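> In the working numbering, the protein residues as written are 185 to 436.
Let me give you the structure first, and then I'll get to my questions.
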């Protein structure tokens, strides 16, 4: 059973190229795709136009389409030839083939090329969305894996342009180091040892004033430090958990 909340999540950033020569099928299927995907759907009437748009999209965006959906039998260039050209260009391209029952003789050629996702025509909504869900989930998970691999382990994202470098023990705003006092450094060091964890007021005060033997801090001293931090870095999200302590929110 499809979870439509997750389907919306998986498809929200996916760019689709849809190639189909039949005008009525192209129109109706495009409308269906627009109901599922939140990006603009690019269409082409045959394999030749489809490949031209595939290359143009890369030139304009410096990336390939996230997903290509193509018919098999088309004039000028069929879906098999289009698939071969696309795989020569980008062998990792996620691709779905639309196939009529009388085109079964082509399927082995497509399997040999590397196609594993087929949708039979006429399109049945339930089967169509199940395959779209599976493929979109794979695209989404692969993109997240790539993002995680590209982000250094020592970097914690606190806001869109705000990061904490655990190795350097330094806060950066728009790639510029933010000057912090000693106790502000200690505050970040403690709360970001375990991001999103709430540290008690007592734990924070002990950590910040542990080297100040003559100083007996109270909660007002801690609040003053946090107030100055919020003014210095407005995008920082320091949350006061009533009766417990504080935590710093991060971007997931």
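A virtual CB, placed ideally from N, CA and C, is assigned to each residue, including glycine.
Note that the structure is a prediction, hence the values are computed from the model and not measured.
In or out: residue 280 buried (at least 16 other Cβ within 10 Å) or exposed?
By the 10 Å Cβ count, residue 280 comes out buried.
> Helix, strand or coil: which one does DSSP assign to residue 423?
Residue 423: strand per DSSP, three-state reduction.
> Which residue comes first and which comes last in the beta strand (DSSP E) that contains residue 433?
It is not in any beta strand (DSSP E) - residue 433 carries neither H nor E in the DSSP assignment.
> Rounded to the nearest angstrom, what separates residue 396 and residue 251 at their Cα positions?
Their Cα atoms are separated by approximately 60 Å.
> Could one say the Cβ of residue 217 lies closer than 8 Å to chain E's Cβ atoms, at least one of them?
This model lacks chain E altogether, as it is built from one protein chain only.
> Just tell me which of 249, 290 and 243 has its CA closest to the CA of residue 262.
Comparing Cα positions, the closest option is 290.
> By Cβ distance, which residues of its chain are closer than 7 Å to residue 422, with the 5 residues on each side in sequence left out?
So the qualifying residues of the chain are 410, 413, 414, 430 and 432.
> Where does residue 192 land, buried or exposed, given buried means 16+ other C-beta within 10 angstroms?
Answer is exposed; the Cβ neighbour count stays below 16.
> Using a Cβ-Cβ cutoff of less than 7 Å, which residues in the same chain neighbour residue 264 once the five nearest sequence positions on both sides are dropped?
The answer, listed in chain order, is 256, 290, 293 and 294.
> How is residue 249 classed by DSSP in three states: helix, strand or coil?
Residue 249 falls in the coil class under three-state DSSP.
> What are the boundary residues of the alpha helix (DSSP H) that residue 227 is part of?
Run containing residue 227: none in the alpha helix (DSSP H); it sits in the beta strand (DSSP E), 225 to 228.
> Measure the alpha-carbon distance for residue 223 versus residue 379 and round it to whole angstroms.
Using only the alpha carbons, I get a separation of about 33 Å.
> Do the stretch 316 to 323 and the stretch 384 to 400 meet, that is, are 3 or more Cβ pairs less than 8 Å apart?
No contact exists between the stretch 316 to 323 and the stretch 384 to 400.
> Rounded to whole angstroms, what is the Cα-Cα separation between residue 241 and residue 248?
Going by the C-alpha atoms only, they are around 7 Å apart.
> Of the residues 244, 296 and 284, which one's Cα is nearest the Cα of residue 267?
When each option's Cα is compared against that of residue 267, the closest is 296.
> Is residue 215 buried or exposed, if buried means 16 or more other CB atoms sit within 10 Å of its CB?
Exposed, since its Cβ has fewer than 16 Cβ neighbours within 10 Å.
> Can you give me the C-alpha to C-alpha distance between residue 434 and residue 298, rounded to a whole angstrom?
C-alpha separation (whole angstroms): 40 Å.
> With DSSP as the reference, please indicate the residues paired to residue 202 in a beta bridge.
Beta-bridge pairing links residue 202 to 227 and 253.
> Would you mind reading off the limits of the alpha helix (DSSP H) that contains residue 216?
Its alpha helix (DSSP H) spans residues 207 to 220.
> Going by C-alpha distance, which of 221, 308 and 258 is nearest residue 235?
If we check each option's Cα against that of residue 235, 258 comes out closest.
> Is residue 237 closer than 8 Å to residue 226 when the C-beta atoms are compared?
In this structure, residue 237 lies closer than 8 Å to residue 226 by Cβ.
> Using 8 Å for Cβ pairs, my map puts residue 213 next to residue 202. What's the rounded Cβ distance?
7 Å between Cβ atoms; contact.
> At which residues does the beta strand (DSSP E) containing residue 350 begin and terminate?
Unbroken run through residue 350: none, as it is neither H nor E.
> Which of the three DSSP states is assigned to residue 305 in this structure?
Note: residue 305 maps to strand in three-state DSSP.
> Looking at residue 362 and residue 370, is the spacing between their C-beta atoms short of 8 Å?
No.
> How long is the line joining the alpha carbons of residue 198 and residue 221, rounded to whole angstroms?
So the alpha carbons of these two residues sit roughly 7 Å apart.
> State the DSSP-derived secondary structure class of residue 388, mapped to helix, strand or coil.
Of the three classes helix, strand and coil, the one that applies to residue 388 here is helix, per DSSP.
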